[in-house]
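Taking it in order: structure first as structure tokens, then the write-up.
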Amino acid sequence: MEPTPPRKSKDTRPFYEPPDKEISIKIINEARQSLKDVKTKRPFTPREDRRTLFGSTSIRNSENRPPSAFSLGSRHFEGPDSRPVSGTKLSPLDHTPTFLSLEENSPKLPSEAEVESLLLPPKPPSDPNKPTRKSASRARLHHANSVEASLISDPSLKTRSNSLTDVSSPSKGAPQDTPRRIHSGPKERSPISVEERGEGDGREATPNRAPSSASVRYPPRSASTDSRLDGTADDVSNTLSSRRISSAGTRSETEENTVSDGTKRTSSAGSTGRGGSAGRREEDNEEMNKSYQEHILPLLEEMAALGKRKEVDKICDLSDTLYNTLEKKGMLGKNYKQRSTVLKAIFKMLDLEEPRLLLKLARLILSFKVSGNNLLNVCKLVFKVSRNEKNDAIFLEGNMLDLLLDTLQSIDHNTSHEALIYCIGAFKFLSGNSSIVKQLVKKDCVERLASLLASINKSNRENGKTSEQLGHVLVQLTATLRNLADANTSRERILACKVIDGLCTATDTYSADSDLILNISRIFSKVTLHTDCCISLGNNLTSYRSFLLLLKKHLQKEDIVVRVCFILGNMTAKNDDARIRLFQESNSMDIIISVLKTYLELDIKSQSTNDKKAKHSKDKSDNPKNKGSKKEDGGEDYKSLTKTEDVLVKIVRVVANISINEDVGPQVASNEQCLELLLGILSCKDVATSEELVLNTVATINNLSYYNCKTSAVVNKQIKVIKTLMGLVLSDNMEAMVEVSRVFGNLTRHKQVRDFLAEKKVDVMLITLLDSGNREVVYIACGVLINFMVDEEKRQTLKKEGGITKLVEVLRDFGRTDWELASMVCQILWNYSGKITSSNAFFGEQESQELTELLIEYLDKENAIEMSEMSDDNSDEDEYQQWILESWESQFSPVAEQLLQRIDSHQSKFEPLDQPSQS
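The numbering of the sequence shown is the UniProt record's numbering, which starts it at 1 and goes up by one.
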């Protein structure tokens, strides 16, 4: 603690000691600067040898998650999915089909009369006065413009095997043909007669023209009819009703409609010509068909021919040409009429195992906006290509990344989660490439992933439960974000998109999923290296509680624990509010101590095992019989030792940082178990092999030793603390010596500690450090010597060891650029000269003269400030000049004036006589 300069020459109170009643805010602030936050490196994450969906350490059951390796070829893609969509979503039928048993008589093929009874409106009632003619029913030829022909040509009335749907019920006079099974295939069905197929010798009668709908009556459907329709009775009814003749009157002329496949279909809707939008659509269709025949079809045929010869390079070039042609003519997407034909041709070439070709074909498939199984398989295809990092450069060709990002945004995470897993999995691999990751950030990949993250969190919240499949998606998503976080501009995007809040929500939702938690902790480990991200994370109300819960739940998983501790250390490094909030969480110190204790025990156990193996290996190698044999090095045990030690480094840092707060610090310092664990680390660790852990531990003890309260465990066990630290005093590590000296500076406020250290010659060592030339080392040494000079019996050691001369040299070398250090030199000399009788006797004649000259020079304000500005490169900064002026006025000048006055008042050429001995 910084002292205040004396106002009276008779006051011998040491400068480090505060006033008896009140401590000024300035003194507290200055003293608080001796508390320092502890820094450490980010946990090391080794790069995976292979690109897989889930790492080798994943806890996921391989049976419940998508595989990383799979077979994929043209046979996995489905043709039906490639048909253009109608744009109208049909509602599902509320109907339960009725199945017939094999023992029942199978329905017969309908007769021609029965088909006519359902498909044609009934004939008008005959004139009762006209005689009826009883003649056998004759098969009629279905003309191209008849209603029957229109329905039969309609594919909506065909079954899965492309045969006509059975829509009739057998009449009493119908012949009983050979029965067929309900779900039989085409080969098992009885052949249809020539008449029923609409073929004949040309002598069949032409059916009567249908009457107007005003006089049409439809026969009722029986239950047997519904059963023979195989659950499609409602469909047939809808089909028939949609084909009713308009009530406005009959039309004698029919219209031929051209469909996409070039066939003709008749309709009674109106005349042969169309106008308006319908006509324009027909013109557009004709234009597209013409373009297909002239431009697309030749390319597909040439690609198919090259595929048989496996000329991959030429197929790749043609693929680019095909894509550009389709894009130029606006044929990409779901509504292109020849979409099915083009996709089927592309599917057939997917058996060629050339990554560049597969990716170009995937680009074509994605551009057609496929869905369902084809969407899943094309995402698998892209994933398969991206698994080999040698293929990364191919993804930078063309607009492949844009298509993948559009696909990512369009996939429904609730219905197509598996496709989403493979799509994001590809991004995970690609984002590991430094060139691709920059492109992904520029193309708003962070924003799209953030949107998906928010949607998944919303789905889980609305469903009231977590989805395992969405958890798989989040594992890939967070792994991708982890890679994107390394880009320069990604941090601003992450903050703008509220990714941090989304990740906190996912942490609470999937706290038991160690794979996901590991990825999220890796992201936070990166972004919390920046203050703005630390503040954003700290502002989340649940973050501290969530992290403490993770430490408790995943205590044995060091990969998670080490990162969570690193995150908490970052959050509490510069934010005093974060220190309070973390400490105030329920059972926070118990959890922190639990982590510290668990991993200290694991470390000691691993170290013991490793030492035994090393000794065994040495004994084995010393044996003449084993000369030249390969030595064991402890392998996995050494890695385990490193991991546990890294956890200790991070958790000790958390304790050090929260101790900086003046309200939290005294409570932590009063925790005896915490102190014992810290001392246990110093007892079993060597600074030569575990430098970071030892230095962080000493820095933590330094922060705790600052609080001189009655309940402090450090104060109550100060001798034990000093004895433990003495092992580092004689080490060759200068940084360790500095940290230990900081603790000595706090504990030497107590005479018991000063006496113990003087007995161990620590004061002599500190005087020696004044020659180190290192400003920080000299500063710490001066701080401890101030306290030593309080005891009169220890003052002679300073002069005896040449300390006066060294202090004058420090004042000369550092005084002009560091007024704070110059002030501490003056404080040492002031405490040393508390019983002064002669300046020359106490300081030495030469030292006294040189000291007087330096003080006179430094106390000249204008000269001193000018010298400080000239000796520093930052002299042009107004803030720095103000800091120099304040340091000179508040710290150096008051002490230096009092010291100069004392030296001048005791200047004498006469030496004091020694007290005569009594004989």
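Where a beta carbon is used, it is the ideal one built from N, C-alpha and C, also for glycine.
Remember, it's a predicted structure, so these values are computed and weren't measured experimentally.
query                                                                                                                      : result
Integer-rounded CB distance, given that Leu677 should sit under 8 Å from Ile804                                            : Not quite, the Cβ-Cβ distance comes to about 43 Å (not below 8 Å), so this is no contact.
Gly425 - containing alpha helix (DSSP H), residue span                                                                     : 417-430
Complete runs of the alpha helix (DSSP H) confined to the segment 444-487 [at least 4 residues]                            : 445-463, 468-484
Presumed contact (8 Å Cβ cut-off) between Thr542 and Cys534, rounded CB distance                                           : 16 Å between Cβ atoms; not a contact.
Distance, Ile836 Cα to Ser536 Cα                                                                                           : 58 Å
Distance cut-off 7 Å: Thr415 Cβ against heavy atoms of the ligand GTP                                                      : In the structure shown, the ligand GTP is absent, as is every other ligand, since no ligand is present at all.
Residue range of the alpha helix (DSSP H) that includes Pro666                                                             : 664-669
DSSP state of Glu327 mapped onto helix, strand, coil                                                                       : helix
Residue from Arg491, Ser459, Asn433, Phe429 whose Cα sits closest to the Cα of Leu477                                      : Phe429
Nearest-angstrom Cα separation, counted from Leu318 out to Thr52                                                           : 32 Å
Own chain residues within Cβ distance below 6 Å of Phe383, not counting five before or after                               : Tyr422, Gly425, Ala426
Cys684 classed as buried or exposed, judged by whether at least 16 other C-beta atoms fall within 10 angstroms             : exposed
Residue range of the alpha helix (DSSP H) that includes Asp402                                                             : 400-410
Closest Cα partner of Val645 within the set Ala864, Met737, Leu682                                                         : Note that residue 645 is Glu in the sequence shown here, rather than Val. Glu645 has its Cα closest to that of Leu682, out of Ala864, Met737, Leu682.
Exposed unless 16 or more other CB atoms sit within 10 angstroms - verdict on Cys709                                       : exposed
Three-pair Cβ contact test at 8 Å for the segment 775-790 versus the segment 738-755                                       : yes
Span separating the alpha-carbon of Gly87 from that of Ser525                                                              : Per-residue confidence for Gly87 stands at a pLDDT of 45, beneath the threshold of 50, marking its modelled position as unreliable; the derived number appears in the next sentence. Spanning the two alpha carbons is a distance of roughly 47 Å.
CA nearest to the CA of Val499, picked from Ile523, Asp860, Asn391                                                         : Ile523
Alpha helix (DSSP H) segment containing Ile517, residue limits                                                             : 514-527
Through-space distance from Ser606 to Gly398, alpha-carbon basis                                                           : 53 Å
Proximal residues to Gln673 (C-beta, below 7 Å), its chain only, five neighbours per side dropped                          : Ile593
Cut-off 7 Å between Cβ atoms - residues of its own chain near Met571, not counting five sequence neighbours on either side : Thr528, Cys534, Leu537, Gly538, Ala578
Closer than 8 Å to chain B by CB, Leu811                                                                                   : Among the protein chains of the structure shown there is no chain B, as only one such chain exists.
Per-residue DSSP class, three states only, for Asp818                                                                      : coil
Three-state secondary structure (DSSP) of Met349                                                                           : coil
Residue from Lys314, Thr768, Val312, Lys328 whose Cα sits closest to the Cα of His295                                      : Lys328
Of the residues Val378, Val562, Asn696, the one placed nearest Thr642, counting alpha carbons only                         : Val562
Cβ pair count under 8 Å reaching 3, the segment 855-869 against the segment 889-898                                        : yes
Environment of Cys497 [buried if 16+ CB atoms lie within 10 Å]                                                             : buried
Boundaries (first-last residue) of the alpha helix (DSSP H) holding Cys504                                                 : 499-509
Coil, strand or helix - Tyr707 by DSSP                                                                                     : coil
Contact between the segment 744-755 and the segment 692-706 (3+ Cβ pairs under 8 Å)                                        : yes
Endpoints, alpha helix (DSSP H) assigned at Ile786                                                                         : 775-788
Glu17 - DSSP class collapsed to helix/strand/coil                                                                          : Note that Glu17 scores a pLDDT of 41, beneath 50, so its modelled location is shaky; the value from the coordinates is reported in the next line. Glu17 falls in the coil class under three-state DSSP.
Backbone CA spacing between Ser161 and Gln409 [nearest angstrom]                                                           : Note that Ser161 scores 39 on pLDDT, short of 50, meaning its location in the model is unreliable and no value can be drawn from it.
Beta carbon of Thr548 nearer than 8 Å to that of Ile580                                                                    : It should be pointed out that residue 548 corresponds to Leu in this sequence rather than to Thr. Cβ atoms of Leu548 and Ile580: not closer than 8 Å.
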